[in-house]
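First up is the structure itself, then whatever we jot down about it.
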Amino acid sequence: MKPFTRFESRFVRLPIDNIDTDQIIPARFLKTISKEGLGDQLFYDWRYDASGAPRPDFVLNQPDAKGAEILLTGDNFGCGSSREHAPWALTQFGFRAVVSTSFADIFRQNALKNSLLPIIVPPDVHAELFRLPAEAKLVVDLAAQTLTLPDGRAIEFPVDPFAKHCLLNGVDELGYILQHEAAITEYEQRRA
Amino acid sequence: MKPRTIIEKIWDEHVVVENPGAPALLYIDLHLIHEVTSPQAFEGLRRRGLKVRRPDRTLATADHNVPTTDRSLPIVNQISARQIAQLEANCREFGLTCYSVHSPHQGIVHVIGPELGRTQPGMTVVCGDSHTATHGALGALAFGIGTSEVEHVLATQCLLQRKPKTFRVEINGTLRPGVTAKDVILALIAKIGTGGATGHVFEYCGSTIRALSMEERMTITNMSIEAGARAGLIAPDDVTFQYLYGRPCAPQGIEWDRAIARWKQLPSDDGAHYDKHAEIDAGSLEPMITYGTSPGMGIPITGVIPEPESIADPIERESVRKALAYMNLEPGKPLLGHPVDVVFVGSCTNGRLADFRAAASILKGRKVNPRVRALMVPGSYEVKRQAEAEGLHEIFRAAGAEWREPGCSMCLAMNGDQLEPGQYAVSTSNRNFEGRQGPGGRTFLASPLTAAAAAVTGVITDVRTML
Numbered sequence: 023m024k025p026f027t028r029f030e031s032r033f034v035r036l037p038i039d040n041i042d043t044d045q046i047i048p049a050r051f052l053k054t055i056s057k058e059g060l061g062d063q064l065f066y067d068w069r070y071d072a073s074g075a076p077r078p079d080f081v082l083n084q085p086d087a088k089g090a091e092i093l094l095t096g097d098n099f100g101c102g103s104s105r106e107h108a109p110w111a112l113t114q115f116g117f118r119a120v121v122s123t124s125f126a127d128i129f130r131q132n133a134l135k136n137s138l139l140p141i142i143v144p145p146d147v148h149a150e151l152f153r154l155p156a157e158a159k160l161v162v163d164l165a166a167q168t169l170t171l172p173d174g175r176a177i178e179f180p181v182d183p184f185a186k187h188c189l190l191n192g193v194d195e196l197g198y199i200l201q202h203e204a205a206i207t208e209y210e211q212r213r214a
Numbered sequence: 050m051k052p053r054t055i056i057e058k059i060w061d062e063h064v065v066v067e068n069p070g071a072p073a074l075l076y077i078d079l080h081l082i083h084e085v086t087s088p089q090a091f092e093g094l095r096r097r098g099l100k101v102r103r104p105d106r107t108l109a110t111a112d113h114n115v116p117t118t119d120r121s122l123p124i125v126n127q128i129s130a131r132q133i134a135q136l137e138a139n140c141r142e143f144g145l146t147c148y149s150v151h152s153p154h155q156g157i158v159h160v161i162g163p164e165l166g167r168t169q170p171g172m173t174v175v176c177g178d179s180h181t182a183t184h185g186a187l188g189a190l191a192f193g194i195g196t197s198e199v200e201h202v203l204a205t206q207c208l209l210q211r212k213p214k215t216f217r218v219e220i221n222g223t224l225r226p227g228v229t230a231k232d233v234i235l236a237l238i239a240k241i242g243t244g245g246a247t248g249h250v251f252e253y254c255g256s257t258i259r260a261l262s263m264e265e266r267m268t269i270t271n272m273s274i275e276a277g278a279r280a281g282l283i284a285p286d287d288v289t290f291q292y293l294y295g296r297p298c299a300p301q302g303i304e305w306d307r308a309i310a311r312w313k314q315l316p317s318d319d320g321a322h323y324d325k326h327a328e329i330d331a332g333s334l335e336p337m338i339t340y341g342t343s344p345g346m347g348i349p350i351t352g353v354i355p356e357p358e359s360i361a362d363p364i365e366r367e368s369v370r371k372a373l374a375y376m377n378l379e380p381g382k383p384l385l386g387h388p389v390d391v392v393f394v395g396s397c398t399n400g401r402l403a404d405f406r407a408a409a410s411i412l413k414g415r416k417v418n419p420r421v422r423a424l425m426v427p428g429s430y431e432v433k434r435q436a437e438a439e440g441l442h443e444i445f446r447a448a449g450a451e452w453r454e455p456g457c458s459m460c461l462a463m464n465g466d467q468l469e470p471g472q473y474a475v476s477t478s479n480r481n482f483e484g485r486q487g488p489g490g491r492t493f494l495a496s497p498l499t500a501a502a503a504a505v506t507g508v509i510t511d512v513r514t515m516l
């Protein structure tokens, strides 16, 4: 895993609450046995019409979305299915952070394991972000745990300290668990 | 000793190690896998040259993609066929038990775990599927995980987890005729919202819960995730023990007695602390139905669709408007009498024997309305055999409903069982998300009784008029 670095980016606005992982990537695209190639299917049914043509009014199809690495969304983002295909699709499209007032538990866990940073901001900041001009840029600094607005205000956000450590240092969680092999064996013997 | 909840008791028992600054390493007793969320995890094991640590604690089945038509025929969809073949090949390579398409034990992963007696009180159970909470009905701490975590559990039988907060839901009262466990859980989700329990694990208690059968309890715990809770538990009692007794993988003989003694220690201690509380007066509930594209958008069957204008928050208001536009429904109007194209009875929420008995009680001696397609999809081959032994399939066929092979089917429409764009379904499944049952399809979530009533009349109906 590559270390997660500070970055500055424009953001895409999706002002809808309770966006479920079926919208992020519909179930029919989960028949794949690979992690790759999911970016084109991100938000498929909102992004394309029944014939497969892009819907011009959907944010991801607008010129501003190109190159944006931050997604700003409504409350409870990523609810529903546990599919890790959701963060795979988001990161393959190019997103590195999602900003909301809250995230569903399983999505948040899955995102952190794929270098996609879920950033929780208070409702007033959230509302303010939606009012910023289209060209506005935000700075995401995980080490400082801040989201910096165009006027220079740095908004602090919470992040699990272990997840932060793993993201900043590119630590692979499975590698960490495997270091506890002796403790796991001892636990199994104790309970046998 | 400080009083503990059942959640804390199971948690404490399973912590392998807890380093400062890091989440606990939690031991997993049972790992269920299926074809959709496991291929990339097995690929990860291969890349690192790892084995499955405990094949004896791992059980696989094919459920999401399987056709619910004649199983002697090849799977038409080549991509589905390849994913199922990949699961079978992975299980062969890593030495895992796999109940695939042709196994007599095949079924939805959350139906077969309990029915085989693999799920037991006090266990930690995980699966790459958000409805893993189902197993909590037996007093297990059971939750859904992503594919990275599937790989972690395959390799180490452990997961890195932060201790969840606890949420006690007290449900009291006697359910009135026509009101079921499904209506109780839809009422809870409508009350607290789809994110109401994020970061928490439910414990469901109260007189209503105690009076429910194990199958009904599974309907409740199954939908915990629809309120944001990763898990939901019900403390084991005599109903649990009677359900498990004699099941193929349940303890036997002296082991059974020992297990009972252990399981009786699990219920929460008096005075245990919970982080959140909610109450439901079950005696006052009506049958419930959803009108929107989130499971929290539920109303009593005789109710009217809420006005988005009354919502203060602009994003929430716009979200409800968007949902109603998708559903092509008008605020202020009732749902009763709304036409229905498809009725689906099945899924890990309502695909067990009791659910088909309920549907059959309405369909017996009646006919499915000619404009409705009614699909009855058992949750497992065991459910199918039991239902057929009671002649339920004859009732369904005589009524004009389809009696199909087991699988997830139209709950998430991966296997070809799906709505056409614009169609309306009354579905006993768990999610009414946009396109969940097929692109453009519209879902009303309800109980098997309410679904069967709609199958007969062709419109949304108060089943209490048909009892």
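Line by line, the protein sequences are chains S and Z. Per this note's numbering, the very first residue in the first sequence carries number 23; after that it's consecutive. Per this note's numbering, the very first residue in the second sequence carries number 50; after that it's consecutive. Glycine is no exception: its CB is placed at the ideal position from the N, C-alpha and C atoms.
Query: Can you give the Cα-Cα distance for S/Q84 and S/G74, rounded to whole angstroms?; Result: 16 Å
Query: Closest by CA to Z/Y390, which one among Z/D404, Z/V417, Z/T173?; Result: One point to set straight first is that residue 390 of chain Z is Asp, not Tyr, in the sequence displayed. Minimum Cα distance to Z/D390 is reached at Z/V417.
Query: Nearest by alpha-carbon distance to Z/E219: which of Z/I258, Z/H151, Z/N114 is it?; Result: Z/I258
Query: S/I141 bridges to which residues according to DSSP?; Result: S/V121
Query: Using DSSP's beta-bridge definition, name the partner residues of Z/K433.; Result: Answer is none; Z/K433 lacks a bridge partner.
Query: Contact between the stretch 104 to 117 of chain S and the stretch 59 to 78 of chain S is defined here as three or more beta-carbon pairs at a separation below 8 Å; is this criterion met?; Result: yes
Query: Check distances from the C-beta atoms of the stretch 60 to 94 of chain Z to those of chain S and list, in chain order, the residues that come in under 8 Å.; Result: V65, V66, G70, A71, P72, L74, Y76, V85, T86, P88, Q89, E92, G93
Query: When you compare each of Z/Y473, Z/N464, Z/S429, Z/F445 to Z/L165 by their alpha carbons, which one comes out closest?; Result: Z/S429
Query: Based on DSSP bridge pairs, tell me the residues matched to S/A176.; Result: S/T170
Query: Determine the DSSP secondary structure at Z/R167, reduced to helix, strand or coil.; Result: coil
Query: For the structure I just gave you, are there three or more beta carbon pairs, one from the stretch 348 to 362 of chain Z and one from the stretch 375 to 395 of chain Z, closer than 8 Å?; Result: yes
Query: Going along the chain, which residues of its own chain have a beta-carbon closer than 8 Å to the beta-carbon of Z/Q206, five neighbours each way excluded?; Result: Y76, I77, H80, R102, R103, R106
Query: Note down, in chain order, all residues in the stretch 457 to 479 of chain Z with a beta-carbon under 7 Å from any beta-carbon belonging to chain S.; Result: L461, A462, M463, P470
Query: Is DSSP giving Z/N377 helix, strand or coil here?; Result: coil
Query: With the cut-off set at 9 Å, would you say Z/I364 and S/D39 are in Cβ contact?; Result: yes
Query: Strictly by DSSP, which residues pair up with Z/H201?; Result: For Z/H201, which the question treats as bridged, DSSP gives no partner whatsoever.
Query: Compare the C-beta of S/Q131 against all C-beta atoms of chain Z and say whether one is closer than 9 Å.; Result: yes
Query: According to DSSP, is Z/M515 helix, strand or coil?; Result: coil
Query: Between Z/F35 and chain S, is there a C-beta pair that is closer than 9 Å?; Result: This structure gives no information on residue 35 of chain Z, because the portion of chain Z shown stretches from 50 to 516.
Query: Report all residues from its chain with a CB closer than 6 Å to the CB of S/L151; omit the five preceding and five following residues, and keep chain order.; Result: L94
Query: Do we get a CB-CB distance below 9 Å when we pair S/G96 with the residues of chain Z?; Result: yes
Query: Give me the chain S residues within the contact set of Z/L209, using Cβ-Cβ distance strictly less than 9 Å, ordered along the chain.; Result: F184, E195, Y198, I199
Query: Buried or exposed: where does Z/G341 fall if 16 or more other Cβ atoms within 10 Å of its Cβ makes it buried?; Result: buried
Query: Identify every residue that forms a DSSP beta bridge with Z/M337.; Result: Z/P349
Query: So with CB distances below 8 Å, who are the chain S contacts of Z/H201?; Result: E195, L196, I199
Query: Under the three-state reduction of DSSP, which class applies to Z/A280: helix, strand or coil?; Result: strand
Query: Starting from Z/N221, trace the alpha helix (DSSP H) both ways and give me its first and last residue.; Result: Run containing Z/N221: none in the alpha helix (DSSP H); it sits in the beta strand (DSSP E), 214 to 221.
Query: Which class does Z/E328 belong to by DSSP, given the choice of helix, strand or coil?; Result: strand
Query: Identify the residues that DSSP records as bridge partners of S/R28: which are they?; Result: S/R28 pairs with nothing; no bridge assigned.
Query: Contact criterion: CB-CB distance below 9 Å. Does Z/S129 meet it with respect to chain S?; Result: yes
Query: Identify every run of the alpha helix (DSSP H) within the stretch 418 to 490 of chain Z, keeping only runs that are complete inside it and at least 4 residues long; order them along the chain.; Result: 430 to 438, 441 to 448
Query: Alpha carbon to alpha carbon, how far is Z/P88 from Z/V158?; Result: 16 Å
Query: Flag this pair as touching only if the stretch 42 to 60 of chain S and the stretch 100 to 108 of chain S have three or more C-beta atom pairs under 8 Å; answer yes or no.; Result: yes
Query: I'd like to know if Z/Q206 contacts chain S, where contact means its C-beta is closer than 9 Å to some C-beta of that chain.; Result: yes
Query: Check each candidate in S/F179, S/A156, S/S122, S/P172 and name the one with the smallest Cα separation from S/A166.; Result: S/F179
Query: With DSSP as the reference, label S/T207 as helix, strand or coil.; Result: helix
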